[in-house]
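**Q** The structure's right below; bear with me while I get my questions together.
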Amino acid sequence: MKFAYFPGCKIPFELKEYGDSFEAIMKKLEVRLIDLPFNCCGYPSKNKNLEISVLSSIRNLALAEQQGLDLITPCKCCYGQFKHAIYFWNNRTDLRIKINKTLKNEGLSWKGETQIKHLLSFLYNDFGLLKLKHKITKPFSNEKIVVQYGCHALRPFSITGFDDPFAPKIFEALVNIIGLKNLEWSKSTECCGNPIYETNKKLSLKMLGSKLKTASETGAAYICNACTHCQIQYNFMVMEQELKKFQITPVLFTQILGKAMGLTKNELGIINTDLFNF
Amino acid sequence: MIIKALTIAISLSLIGFLYQFFSFIKTNKTFDKKKWRMKNLSIKSFSLNSILQTKLFKAGKIRWLMHLLVASGFLYLVIFHALDDVTSSYWFQYYQPTVDPFQFLRNLAGIFVLIGCVGFLCRRLFFFKKLKKRKIQFKGLFSILLILSIILSGFLLEAVKIISEPVFMEMVEEYSDIDEGTDLVDLKIYWEKNYNAVFNEPLLITPEKLAIGKELNENFCIDCHSPIKSAFISKSIAKALKKPSIWLNYHRIDNLLYYVHYFLCLLIIVSLPFSRLFHIFLIPVASLEKNLKKEQLDQTLGYINTATLYACTNCGFCSDVCSVFPNFLITKNINTLPHAKIESFKKLMNSAPVESKALYMLQSGNGECTYCHKCTDICPSGIDLQNLWVLLNQKLSLKGYQDNYTFINNLSLEKWAKLAPEKEKTSSTQGKTTQLADNVDSFENCIQCTICTNVCPVVEHDIDGNDYTPQQVLNLLRLGKKHLATGTRMVWNCLTCFSCQESCPQGIKVADIMIELRNNGNLRADALKLENFTKAT
Chain A
2 MKFAYFPGCK IPFELKEYGD SFEAIMKKLE VRLIDLPFNC CGYPSKNKNL EISVLSSIRN
62 LALAEQQGLD LITPCKCCYG QFKHAIYFWN NRTDLRIKIN KTLKNEGLSW KGETQIKHLL
122 SFLYNDFGLL KLKHKITKPF SNEKIVVQYG CHALRPFSIT GFDDPFAPKI FEALVNIIGL
182 KNLEWSKSTE CCGNPIYETN KKLSLKMLGS KLKTASETGA AYICNACTHC QIQYNFMVME
242 QELKKFQITP VLFTQILGKA MGLTKNELGI INTDLFNF
Chain B
-12 MIIKALTIAI SLSLIGFLYQ FFSFIKTNKT FDKKKWRMKN LSIKSFSLNS ILQTKLFKAG
48 KIRWLMHLLV ASGFLYLVIF HALDDVTSSY WFQYYQPTVD PFQFLRNLAG IFVLIGCVGF
108 LCRRLFFFKK LKKRKIQFKG LFSILLILSI ILSGFLLEAV KIISEPVFME MVEEYSDIDE
168 GTDLVDLKIY WEKNYNAVFN EPLLITPEKL AIGKELNENF CIDCHSPIKS AFISKSIAKA
228 LKKPSIWLNY HRIDNLLYYV HYFLCLLIIV SLPFSRLFHI FLIPVASLEK NLKKEQLDQT
288 LGYINTATLY ACTNCGFCSD VCSVFPNFLI TKNINTLPHA KIESFKKLMN SAPVESKALY
348 MLQSGNGECT YCHKCTDICP SGIDLQNLWV LLNQKLSLKG YQDNYTFINN LSLEKWAKLA
408 PEKEKTSSTQ GKTTQLADNV DSFENCIQCT ICTNVCPVVE HDIDGNDYTP QQVLNLLRLG
468 KKHLATGTRM VWNCLTCFSC QESCPQGIKV ADIMIELRNN GNLRADALKL ENFTKAT
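The listed protein sequences derive, respectively, from chains A and B.
When you line the first sequence up against this note's numbering, it's residues 2 to 279, in that order.
When you line the second sequence up against this note's numbering, it's residues -12 to 524, in that order.
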């Protein structure tokens, strides 16, 4: 299998370990990732100007289509943004005409054939759970974990088509086959607060604090993330020294999956050696 | 006189260096009185990037090659040709400018620089237009043309000397004991045939005369004159100059060209600290500093090393990879792109008065940055660009240029609703608009059931901070008070988590409307700010 790899803007600087571990597990799963000269997905511009955000997405899709590739991204905000952009491109004729014109000036065009995959939806729907299970050589022994779904992939279902927005199951199923024990968590599908971190830091961290409180009450040791922005938000909490209070560690799904597949900590970009007793 | 001019040029250049050095020291201060901390230094990237231009190699192979041609060629010419009195003649006992390999290498180095400079010019002429985002800068063009004219004048000088009769006569007088007479004619014949010299008298070539000329040449000339074919460029120019040679020799154009060549070299020395060529000294400075990691971001906040700003050569690689390039395509704000931002940043640091409108554009452009680190990764000068954008944001907000969230947050809702920008477009009610908030159909079905409010995490955690709940915002729309709605805290604190939209029993696109209201609010805030700043200047 071959995909155009869309890391998004935050991975190269803020969350390098996510990119590293994602690439490592994809290599192990024999999925080839192709780097293309992508720009931002348009998610940050969504708040400022719809046209910019849709153009940004469609430009990336056009670049992937040129190579005849589908897109894969480990970030849920990028995933949601792409899905939204496709929706607007399909449904707003005037916007589509405008954007196609701008793209044409650059010698690009998009016919609408590129598919978007998120890491989780790819593993669950395309790669297959059974096949993935064969790749797992060192399963965990029933460690307790809760999962953070990430809103932009989950909602609105009519646009993203990721999973049931009220009772999602993909992430749990994936975590369970690694040997971890997924616990019920009431705030599993709630927002992490990252979208307003830069503008309203206090409120943003307050939200996360309440999430962490309920998560620690479930008795879980880890919160599992499969989204760049969610993990960054939890990392802010690490910096604020709040997490120690709750005895809970945010982890990246790619890192635990990588460990279960027998990858080394260097390949997965894990610095903290206490994490999963590496 | 020549030595005097050289001394003056070097002194001027040194004064320029000192001036630049102290102006960097002067502007190198913290914005908010924090203590300066040195960044981590990297000797490896310093040496690799300064000598081999490794980062440029990674960024673009052809441009690296062009740059290397110019750099290596020019460096050779400076060391072995320009400074030959103290270098070549000291290192090599047999050194003469007209002896191989020096004659050949000088031509080779010259053609290297020539090819590179022509490449630089072609890129400016053809590719800048194509992308529309670049403008030809005077500084860059000046340096290229200066180098180009030095090399061309050098080639011309050599060519004119080859054909020059007066130079030939001077040399004969100085280095041989040949008198006026047949011997001299024989040598002239030999030189006309083998060294491309041109004489203002008809010379009859016979094999005997040539043989005598050859002997004389071996006696007096050959030790200092290699065969002319090794000066492969100058020889061809000399051939082309055969026709006007009498005029050239009569007016001693060789002397004139010598002064032109020399003067241009002095010009490059004097202009060095203020021209684009200063990057030779500043790129090592910028490469010496390690790029910041995310954990270190707070440490150097507020401190700027101005020298790294000036290490920018405006090569434009950063803007080619910039993540928010599509933003520029729509907003047409050139300050979205790094290569333009850094130019504006320089102006800002120079404490020269900058128009407040220009600063507003800079704030607006810099606000689009997603901090993806691509510009820092590619920068051939090794500048930590991303850190500069963080600092730029800080500097601008200290000057009172805020983002729209802060701008609206500082206004009361009533004031916001009244403040309408002069040229605001009134939205058409013709039903043609695709805007949800302007289209009654999209929200008239709201039954004010409060489900959206109940699921909203912002409402849950920020009861006091929000003036309106999602359901109340929708009600504002139903009352036709969109201008009020665009300024509500709810709209600006919305996480865009789509819980409301997913839960709405009436299928109203609550979150989409929120985002759209924020878009409209941004548009309005931008217009208001622009109006204020335009008035201010």
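C-beta: ideal position from N, C-alpha, C; glycine also.
The model shown is predicted, which means the values in this text are computed figures rather than measured ones.
How would you list, in chain order, the residues of chain B whose beta-carbon sits under 9 Å from the beta-carbon of residue 267(A)?
**A** Scanning chain B for C-beta atoms nearer than 9 Å to the C-beta of residue 267(A) yields nothing, as the closest lies near 17 Å away.
**Q** Is residue 415(B) close to chain A, meaning its C-beta is less than 8 Å from at least one C-beta of that chain?
**A** Its pLDDT being 44, under 50, residue 415(B) is placed unreliably in this model, and the coordinates cannot settle the point.
**Q** DSSP three-state call for residue -9(B): helix, strand or coil?
**A** helix
**Q** If residue 225(A) and residue 252(A) are in contact, beta carbons under 8 Å, what's the gap, nearest whole angstrom?
**A** 6 Å
**Q** Figure out for me which residue from 359(B), 439(B), 496(B), 385(B) has the closest Cα to the Cα of residue 426(B).
**A** 496(B)
**Q** Using the Cα positions of residue 166(A) and residue 490(B), report the straight-line distance between them to the nearest angstrom.
**A** In a straight line, the C-alpha of residue 166(A) is about 10 Å away from that of residue 490(B).
**Q** Given this structure, state the Cα-to-Cα distance separating residue 414(B) from residue 507(B), to the nearest angstrom.
**A** Summary for residue 414(B): the model assigns pLDDT 47, below 50, so the residue's position carries little reliability; its value from the coordinates is reported in the next sentence. Between residue 414(B) and residue 507(B), the C-alpha separation is close to 11 Å.
**Q** Which complete beta strand (DSSP E) runs does the region 8 to 40 of chain A hold, if anything under 3 residues is left out?
**A** 33 to 36
**Q** Roughly how far, in whole angstroms, is the beta-carbon of residue 258(B) from the beta-carbon of residue 150(B), given that I think they are within contact range, below 8 Å?
**A** At roughly 32 Å, the Cβ-Cβ gap does not stay under 8 Å, so residue 258(B) and residue 150(B) are not in contact.
**Q** According to the neighbour-count rule (16 or more other Cβ atoms, all chains shown, within 10 Å of its Cβ), is residue 227(B) buried or exposed?
**A** exposed
**Q** Which runs of the beta strand (DSSP E) at least 3 residues long sit entirely within the region 446 to 520 of chain B? Give them in chain order.
**A** Not a single unbroken stretch of the beta strand (DSSP E) spanning 3 or more residues falls wholly within the region 446 to 520 of chain B.
**Q** For residue 316(B) and chain A, any beta-carbon pair shorter than 8 Å?
**A** yes
**Q** What residues are listed by DSSP as bridge partners for residue 147(A)?
**A** Bridge partners of residue 147(A): 224(A).
**Q** According to DSSP, residue 119(A) sits in a beta bridge with which residue or residues?
**A** DSSP lists 74(A) as partners of residue 119(A).
**Q** Tell me residue 183(A)'s beta-bridge partners as DSSP assigns them.
**A** 146(A)
**Q** If we ignore side chains and look at the alpha-carbon of each, how far apart do residue 77(A) and residue 393(B) end up?
**A** About 27 Å.
**Q** Note down, in chain order, every chain A residue with its Cβ under 7 Å from the Cβ of residue 505(B).
**A** 48
**Q** Tell me whether residue 8(B) is buried or exposed, calling it buried when 16 or more other Cβ atoms sit within 10 Å of its Cβ.
**A** exposed
**Q** Give me the Cβ distance between residue 184(A) and residue 146(A), rounded to the nearest whole Å; I'm assuming they're in contact under 8 Å.
**A** Rounded to the nearest angstrom, the Cβ distance from residue 184(A) to residue 146(A) is 7 Å, consistent with a contact under 8 Å.
**Q** Applying the 10 Å Cβ sphere with the 16-neighbour rule, what's the burial state of residue 77(B)?
**A** Classification of residue 77(B): exposed, given that the 10 Å Cβ count is below 16.
**Q** What residues in the region 270 to 300 of chain B have a beta carbon less than 7 Å from any beta carbon of chain A?
**A** Contact annotation: in the region 270 to 300 of chain B, residues whose CB is within less than 7 Å of a CB in chain A are 281.
**Q** Identify each residue in the region 199 to 214 of chain A for which the Cβ-Cβ distance to at least one residue of chain B is less than 7 Å, and report them in chain order.
**A** 200, 201, 204, 207, 208, 211
**Q** Going straight from the alpha carbon of residue 297(B) to that of residue 361(B), what length do you get?
**A** 20 Å
**Q** So which residues on chain A does residue 449(B) lean against when the C-beta distance must stay under 7 Å?
**A** 204
**Q** So with Cβ pairs under 8 Å, would you call residue 197(A) a contact of chain B?
**A** The beta carbon of residue 197(A) sits closer than 8 Å to some beta carbon of chain B.
**Q** On the criterion of 16 or more Cβ atoms from any shown chain inside 10 Å, does residue 110(A) qualify as buried, or is it exposed?
**A** It is exposed - the Cβ of residue 110(A) has fewer than 16 other Cβ atoms within 10 Å.
**Q** Find the residues of chain B that neighbour residue 264(A), judging by a C-beta separation of less than 8 Å, and give them in chain order.
**A** What residue 264(A) touches in chain B: nothing, since even the nearest Cβ is about 23 Å away.
**Q** Distance cutoff 8 Å, beta carbons only. Does residue 130(B) sit that close to anything in chain A?
**A** no
**Q** For residue 308(B), return the contacting residues in chain A, with the cut-off set at a CB-CB distance below 9 Å.
**A** Here the neighbours are 38, 40.
**Q** Are residue 204(B) and residue 171(B) touching if we call contact CB-CB under 8 Å?
**A** no
**Q** To the nearest angstrom, how far is it from the Cα of residue 402(B) to the Cα of residue 171(A)?
**A** 48 Å
**Q** Quick one: does residue 486(B) have its CB under 8 Å from some CB of chain A?
**A** yes
**Q** Unbroken alpha helix (DSSP H) runs of length 4 or more, entirely within the region 57 to 113 of chain B: which are they?
**A** 75 to 78, 89 to 109
**Q** Could you check the C-alpha separation between residue 38(A) and residue 308(B) for me, to the nearest Å?
**A** 7 Å
**Q** Spell out whether any CB of chain B is found under 8 Å from the CB atom of residue 129(A).
**A** Not an interface residue.
**Q** Roughly how many angstroms lie between the CA atoms of residue 25(A) and residue 469(B), to the nearest whole one?
**A** So the alpha carbons of these two residues sit roughly 50 Å apart.
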